[in-house]
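When the letters of the sequence shown are read in order and numbered with my numbering, they come out as residues 1 to 432. Yeah, the Cβ is synthetic: ideal placement off N, Cα and C, and Gly gets one too. The structure under discussion appears below in the form of structure tokens.
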Amino acid sequence: MATATVTNAELLKRRENAVPRGPFNIAPVFAERAEGSHVYDVEGNDYLDFCGGIGVVNVGHNHPRVVEAVKAQADRFLHTCFHVVMYEEYLRLAERLNELVPIAGACKTAFFNSGAEAGENAIKICRAHTGRQGVVAFERGFHGRTLLGMTLTGKVKPYTAGFGPFAPEVYHLPYAPFFANPRKHSDEEVARLCNDALDRLFAYHIEPESIACLIVEPVLGEGGFHPLHPVGARILVERCRENGIVYISDEVQSGFGRCGAMFAIERYGLEPDMVAMAKSLAGGMVLSGVTARAEIMDAPGIGGIGGTYGGNPVACAAANAVLDIMAEENLPERANAIGEKVMALFGKLCATYDFAGDSRGLGAMCTIEIVGAGGKADAERAGRICTSARENGLLIMTASGNCIRTLMPLTIGDADLAKGLAILEKAFASVA
Ligand SMILES: Cc1ncc(COP(=O)(O)O)c(C=O)c1O
């Protein structure tokens, strides 16, 4: 272990004095460097990372190709603003994403900074395209912390409580039955309940002719890693299409190989109208984007979308390297192999411990739920499991309080994966 010049405890004290409590932290440690699937803290501790900066480093920390692309671009120029002097990296990335999204026909892409901004801009573009105002989102969905982002988000604490008033014309569908577990709910039952929920929305809340778009995560991220039920997903796409409602797949967390395909919606064999993306798009650089058919994307007038930093050249260079790595290292396929190993352990844990309630996943976007009496969410025990894992060298975090989730780099080697899963298994035993 390296001799520490500064300790985590000293930095934590400074953090408490200088930074508000609002930005949450899952661990009281400070990074010194990171590489591949490992993060090293200022005291020299080596952590296996199953968080990946919350789903940002699917290609691993500091992938040499990403670092090289960033350095090369930094040597040329850091920023001109795409609105002032354009650059080819932006175009190249847009051209590649236009081909990669599972949308037929000619597409266009615009770049922004955060996932929340991708969602916001997706909605602006849909409103401009349809001339309609209504937006449909889901209970338990998460789309960011800006005004529209938190309005779309279907969870009160900690995301919206105390922050109102919210943006108008946003309607939420119930998360069940659309995210029902196919092992527990038949296709017929899900079809009936999903159609019924949409009928009720259209009859009692807003007429479909006034709805611009529906935004939905193929796998609820912060909402607890619930994948859409295949029948629920199909009904959503079909009924949007019937009613001229733009279907936005929010792939901010589920995209870029995580779920066993470049975009999770591909696993359903469905075609969205628009994809919102961020996180692993740029391997750790700040970048988000929206892609859709050209006629939709061209709806806002000149100057209606954009921003000073959107599509920053260094971030675009990083993203172009990420797309090369995804293809060359076959990361979407690797996600399935990782997911199989994770789900095998989760199955074993569910069979062993009463407090391990359910496990589910799509590719390497997996979760195991921690529950107490009567199947009630037990965030406290889930927290203790994560703490025990960290004390043994594994960074892992929850979604929705009690769902322990896996967002490890897809470049993780078999030995590190096995080691991380063994630490997690031990952490479960430690709280039994
Ligand atoms: C599905 C989804 N959409 C949007 C966001 C918001 O992204 P950001 O935190 O970059 O604003 C997140 C972040 O976790 C997300 O998971």
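Selected residue, minimal CA-CA separation from residue i, among the options
| i | options | result |
| --- | --- | --- |
| L362 | E340, A379 and N195 | E340 |
| L97 | M277, H79 and V6 | M277 |
| M408 | C259, N45, V57 and V6 | V57 |
| V84 | R390, A34 and G310 | G310 |
| I338 | L421, I396, G289 and L287 | L421 |
| A106 | M365, E295 and E329 | E295 |
| I245 | H229, V231, P272 and K419 | P272 |
| I404 | D416, G383, L12 and A415 | G383 |
| N336 | V42, G284 and I412 | I412 |
| D75 | K155, V314, I325 and E43 | V314 |
| I423 | C213, A351, G401 and L345 | L345 |
| R33 | N45, N312, S249 and F24 | N45 |
| G221 | G401, R381 and N8 | G401 |
| M365 | E328, T5, A94 and F225 | F225 |
| M326 | L193, L410, T7 and E425 | L410 |
| T146 | Y268, T7, F179 and E120 | E120 |
| E169 | C350, E333, I26 and I206 | I206 |
| N312 | V286, L349, P230 and T5 | V286 |
| A429 | A203, L395, C350 and N330 | C350 |
| Y171 | A9, S37 and I211 | I211 |
| F179 | L236, A418 and A203 | L236 |
| P208 | D187, G134 and A167 | G134 |
| T291 | K108, G223 and I125 | K108 |
Buried or exposed by the 16-neighbour rule on C-beta atoms within 10 Å, applied to residue i
| i | result |
| --- | --- |
| N181 | exposed |
| F163 | exposed |
| R360 | buried |
| S114 | buried |
| V275 | buried |
| L48 | buried |
| Y87 | buried |
| D41 | buried |
| T151 | buried |
| F77 | exposed |
| T398 | buried |
| T7 | exposed |
| G347 | exposed |
| P158 | exposed |
| P332 | buried |
| F435 | Nothing about residue 435 can be reported from this structure: the residues present for the chain run from 1 to 432 only. |
| P227 | buried |
| G284 | buried |
| F355 | buried |
| G22 | exposed |
| R183 | exposed |
Contact belief for residue i with residue j at Cβ below 8 Å, rounded distance in angstroms
| i | j | result |
| --- | --- | --- |
| L148 | I123 | 6 Å |
| T406 | F50 | 5 Å |
| V342 | G357 | No, V342 and G357 are not in contact; Cβ-Cβ is about 16 Å, not under 8 Å. |
| L270 | R234 | 6 Å |
| A72 | A282 | Their Cβ separation, rounded to whole angstroms, is 15 Å, which puts A72 and A282 out of contact at 8 Å. |
| A427 | A389 | 4 Å |
| S288 | F112 | 5 Å |
| L156 | D187 | This sequence places Val at residue 156; Leu is not what is there. Not a contact, Cβ separation roughly 32 Å. |
| N62 | E35 | 5 Å |
For residue i: DSSP bridge partner residues
| i | result |
| --- | --- |
| I219 | Checking the sequence shown, residue 219 turns out to be Val, not Ile. Looking at the DSSP assignment, V219 forms a beta bridge with P227. |
| C209 | Strictly speaking, residue 209 in this sequence is Glu, with Cys absent from that position. Bridge partners of E209: none, in fact. |
| L173 | F138 |
| V371 | A377 |
| G36 | H61 |
| L281 | For L281, which the question treats as bridged, DSSP gives no partner whatsoever. |
| I404 | I368 and T398 |
| L48 | H38 and L394 |
| F112 | S288 |
| V322 | DSSP lists no partner for V322. |
| D250 | A276 |
| D414 | None, per the DSSP bridge assignment. |
| A356 | I370 |
| A31 | D41 |
| R293 | C107 |
| G361 | C366 |
| L214 | V136 and Y247 |
Min CB distance residue i to chain D below 8 Å
| i | result |
| --- | --- |
| S400 | Given the protein chain composition of this structure (a single chain), no chain D is represented. |
Three or more C-beta pairs below 8 Å linking the stretch 134-142 and the stretch 171-185: yes
Cβ contact check for the stretch 254-265 and the stretch 100-108: 3 or more pairs under 8 Å: yes
Segment contact flag, the stretch 123-137 with the stretch 297-314, C-beta cutoff 8 Å, min 3 pairs: yes
Three CB pairs or more closer than 8 Å across the stretch 214-221 and the stretch 243-262: yes
The stretch 49-65 contacting the stretch 306-316, beta-carbon criterion three pairs below 8 Å: no
Inter-stretch contact (C-beta, 8 Å, three-pair minimum) for the stretch 148-162 and the stretch 225-243: no
Touch test, the stretch 193-202 against the stretch 372-388, Cβ-Cβ under 8 Å, three pairs minimum: no
At least three beta-carbon pairs within less than 8 Å, the stretch 57-72 to the stretch 313-328: yes
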